[in-house]
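Quick notes on the structure that follows.
Numbering (the UniProt record's numbering), first residue to last: 1 to 560.
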């Protein structure tokens with residue numbers, strides 16, 4: 001007998017229409033109340049937060065100057081406020097110098113922090129103000145930063161724009177970020193052509209010339225830049241305004257970035273740990289870089305273009321590492337600036353000393369001319385000197401390169417460069433009578449190997465004056481093994497001992513063993529040709545070549 005489907009049981013004599021009605025009544029479910037129906041678009045909108053209903057405090061010039069004064073008064077051992085210039089309207093341009101005055105300045109890195117677009121882009125400035133507060137705090141990393149670095153901080157370089165107009169330019173319509181464009185620069189001499197129209201630009205250049213910073217980070221962001229003058233109203237920003245956030249570069253200028261993408265990633269990781277995400281330019285867009293030879297397919301390449309902006313002055317003159325931030329949330333900008341400070345406080349994998357990786361000034365297939373010095377100040381002086389002279393350097397290595405043997409030949413003058421030759425026999429003959437070179441040892445080392453020639457990269461044509469290197473020079477080799485035995489390291493045929501100042505040092509990093517040969521000023525000022533040789537035992541066996549599968553070899557053999 002089939003199971004009952006309904007209860008109570010319907011008598012068989014009940015009319016069919018009545019039975020159907022009863023069935024519907026028993027199985028009917030009431031509809032959901034209207035309050036539980038899918039919300040309308042208007043209800044969805046009404047349920048969302050509307051942070052823009054609240055206006056943000058607009059910093060006044062009086063508040064700004066009094067805050068800087070307050071920080072200087074309450075932290076006299078940490079803060080000094082200098083006036084680096086004055087606008088055409090008579091508004092002072094202040095800069096904060098933050099460091100621990102009780103620690104040795106010679107050992108410190110120098111980091112310049114600016115907000116060159118901090119006219120209408122206000123979150124750049126406010127992020128920097130949050131950063132100053134953190135730098136003056138008791139946070140252990142802030143304390144460590146003050147001990148290891150000198151911070152030069154310019155929160156507002158364009159006060160006329162920030163406090164008066166919310167436009168990018170000063171009263172002469174020159175934006176300190178670009179200097180008004182390349183037409184206002186003589187790029188051959190790196191001179192700004194209109195100093196009388198932009199004391200803001202000249203103030204930045206004076207700071208860069210005086211301190212020669214290791215790093216310059218320029219902080220941009222949100223503000224009223226997209227508002228037309230008639231839309232500015234009370235010129236108060238609203239809460240919740242944000243934008244895409246980027247680190248290390250700018251959409252408009254792909255060359256305004258650190259030379260090492262790992263630096264950008266380390267900074268991004270600090271921001272991500274704080275809960276923020278970042279646009280990674282061409283990587284996220286999955287596009288290749290643009291270049292003049294690729295103009296025909298430029299619509300398929302990354303939109304950024306290499307351009308000269310004011311920040312490039314420091315790179316061009318002093319090999320300062322550059323980067324730009326776009327800040328949508330001040331706490332994101334703060335987290336990334338904190339991440340940058342951590343890099344300066346630590347040792348980079350490929351550097352021997354702690355600090356920012358800024359000391360390599362010339363390179364040739366994995367070999368590097370680098371700054372010399374036991375202190376940050378000495379390395380900065382050496383870096384600046386070498387950077388200005390390095391275009392004339394000629395470089396060479398034995399080629400093909402061979403495991404267990406490494407060479408690096410550098411000529412710092414045209415006279416020395418003439419001794420370099422692609423022919424091994426000719427090179428050895430050229431150096432046999434050069435004072436200070438042990439040709440016999442070099443000949444034994446070079447002739448013991450299988451290399452067939454010397455690969456040479458010539459420097460540019462000599463200039464009227466070729467002064468010797470006065471601040472010392474170093475050379476870096478990368479051995480492609482992580483635990484080699486260093487057997488014999490020589491400079492100009494003379495055996496070197498371990499020394500941070502006059503000899504060599506080595507350390508592991510990034511999958512290599514790095515070897516740095518250090519030549520102090522008293523030797524670099526008398527030397528123009530540097531012939532570095534390094535003999536080492538890899539202490540590991542790596543395979544070479546490839547053979548077809550055994551059946552293939554057997555088949556070939558059987559066919560003979």
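Glycine included, C-beta positions come from ideal geometry on N, C-alpha and C. The model shown is predicted, which means the values in this text are computed figures rather than measured ones.
{"Asked": "So, do the stretch 326-342 and the stretch 240-248 have three or more beta carbon pairs nearer to each other than 8 angstroms?", "Found": "yes"}
{"Asked": "Which whole-angstrom value describes the C-beta separation of residue 158 and residue 176, a residue pair presumed to lie in contact below a C-beta threshold of 8 angstroms?", "Found": "5 angstroms"}
{"Asked": "As an exercise, report each continuous beta strand (DSSP E) stretch of at least 3 residues that is fully enclosed by the stretch 508-543, in chain order.", "Found": "512-519 and 529-537"}
{"Asked": "Hey, would you say residue 383 sits closer than 7 angstroms to residue 359, going by beta carbons?", "Found": "yes"}
{"Asked": "For residue 220, is the classification buried or exposed, using 16 other Cβ atoms within 10 angstroms of its Cβ as the cut-off for buried?", "Found": "buried"}
{"Asked": "Please classify residue 359: does DSSP put it in a helix, a strand, or coil?", "Found": "coil"}
{"Asked": "Apart from the five residues on each side of it in sequence, which residues of its chain come closer than 6 angstroms, Cβ to Cβ, to residue 364?", "Found": "395 and 457"}
{"Asked": "Which runs of the alpha helix (DSSP H), 4 residues or longer, sit entirely within the stretch 411-439?", "Found": "414-417 and 424-430"}
{"Asked": "Can you confirm whether the stretch 228-241 touches the stretch 395-406 when touching is taken to mean that 3 or more C-beta pairs between the two stretches lie within less than 8 angstroms?", "Found": "no"}
{"Asked": "Which same chain residues, not among the five before or five after residue 195, have their C-beta less than 7 angstroms away from its C-beta?", "Found": "202"}
{"Asked": "Quick check on residue 154: does DSSP put it in helix, strand or coil?", "Found": "strand"}
{"Asked": "Is the beta carbon of residue 120 less than 7 angstroms from the beta carbon of residue 224?", "Found": "yes"}
{"Asked": "Distance, Cα to Cα, residue 519 vs residue 301?", "Found": "44 angstroms"}
{"Asked": "Given this structure, state the Cα-to-Cα distance separating residue 541 from residue 433, to the nearest angstrom.", "Found": "39 angstroms"}
{"Asked": "DSSP three-state label for residue 483, please.", "Found": "coil"}
{"Asked": "Rounded to a whole number of angstroms, what is the C-alpha to C-alpha distance between residue 529 and residue 256?", "Found": "34 angstroms"}
{"Asked": "What do you get for residue 539, buried or exposed, if any count of 16 or more other CB atoms within 10 angstroms of its CB means buried?", "Found": "exposed"}
{"Asked": "Among the residues of its own chain, which have a CB less than 7 angstroms from the CB of residue 336, if the five just before and after it don't count?", "Found": "247, 267, 270, 271 and 325"}
{"Asked": "Taking the alpha carbon of residue 54 as the point to measure from, which residue in 199, 75, 164 and 239 has its own alpha carbon closest?", "Found": "239"}
{"Asked": "Kindly indicate which residue of 477, 315, 280 and 341 has the alpha-carbon position closest to the one of residue 139.", "Found": "341"}
{"Asked": "Report buried or exposed for residue 549, applying the criterion of at least 16 other Cβ atoms within 10 angstroms of its Cβ.", "Found": "exposed"}
{"Asked": "Is the closest heavy atom of the ligand FAD to the C-beta of residue 73 under 6 angstroms?", "Found": "What this structure holds is no ligand at all, so the ligand FAD is not there to describe."}
{"Asked": "Can you find at least 3 beta carbon pairs, one from the stretch 502-514 and one from the stretch 344-359, that sit closer than 8 angstroms?", "Found": "yes"}
{"Asked": "Restricting to Cα atoms, I'd like to know which of 560, 264, 199 and 230 is closest to residue 90.", "Found": "199"}
{"Asked": "How many angstroms separate the CA atom of residue 545 from the CA atom of residue 306?", "Found": "42 angstroms"}
{"Asked": "According to the Cβ coordinates, are residue 478 and residue 366 closer than 7 angstroms?", "Found": "yes"}
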